[in-house]
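In the working numbering, the protein residues as written are -17 to 211.
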């Protein structure tokens, strides 16, 4: 079956578009949606839109969308770099932290600057698990659009320090087996080797690694195993 030249061209340009998008994403840096400010979010949408145009551009027109993608990507990376060096640039593009509530007082002017009405503010507090405003000491509105809530001392969760209880040091868990495969690099990072792992699995009556969906160990030689179900 002969594939039309036009279809082959679109496939080739789509692959090129994906490669350029990948390189720009690595240049800009990885951020979760919740960590993006409005400027980064709009730029991301714009670059994606231009990439779609790039994939379907006419033979002699692909340079224009390619140039647009590169310019937007470089501009975003440059602004991100300048923001990391200058607090003024960071505030200009990301915004500043705003105190919406403190010591039992809700600041209407700060809510207005944050573009929040009272219903939205209360809803965001409920999402954070706070239904009673009297339990809250301070509420901050972060540049990424999330609320940071400081509960009053009497309403915060009790910690071992409050009761003077001795606690053991927490340890990182290393995923040493995933989908029935031993992760040798992670195993070495944990300070263990295959002999230790196989001996521990034999103690737990696991003779076939393919039966294991996930196995994790910590620095205290604790091994947790989850079977394939």
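Virtual Cβ for every residue (Gly too), placed ideally from N, Cα, C.
Keep in mind it's a predicted model, so treat the numbers as computed, not measured.
Beta-bridge analysis with DSSP links residue 206 to 198.
Non-local beta-carbon contacts of residue 110 in its own chain, meaning distances under 8 Å to residues more than five positions away in sequence, involve 129 and 131 in chain order. In the structure shown, residue 47 adopts helical secondary structure according to DSSP, grouped into three states. Remark: C-beta atoms of residue 119 and residue 139 do not approach each other more closely than 8 Å.
Exposed is the label assigned to residue 154, since fewer than 16 other Cβ atoms lie within 10 Å of its Cβ. The DSSP assignment places 80 to 84 and 118 to 123 as complete runs of the beta strand (DSSP E) inside the region 71 to 130, in order along the chain (cut-off: 3 residues). Around the beta carbon of residue -12, fewer than 16 other beta carbons sit within 10 angstroms, so the residue counts as exposed. Residue 163 has 160 as its beta-bridge partners, per DSSP.
The three-state reading of DSSP puts residue 69 in helix, counting H, G and I together. Between residue 115 and residue 80, the C-beta spacing is not below 8 Å. Pairing residue 59 with residue 76 gives a Cβ-Cβ distance that is not under 8 Å. A residue is called buried once 16 or more other Cβ atoms fall within 10 Å of its Cβ, and residue 5, having fewer, is exposed. Classified as buried, residue 47 has 16 or more neighbouring CB atoms from the shown chains inside 10 Å of its CB. Nearest to residue 201 by alpha-carbon distance, out of 125, 170 and 184, is 170. DSSP places residue 138 in no alpha helix (DSSP H); its state is neither H nor E. Only exposed fits residue 136, as fewer than 16 other CB atoms lie within 10 angstroms of its CB.
Your pair residue 34 and residue 3 does not check out as a contact, with CB atoms roughly 10 Å apart and the cut at 8 Å.
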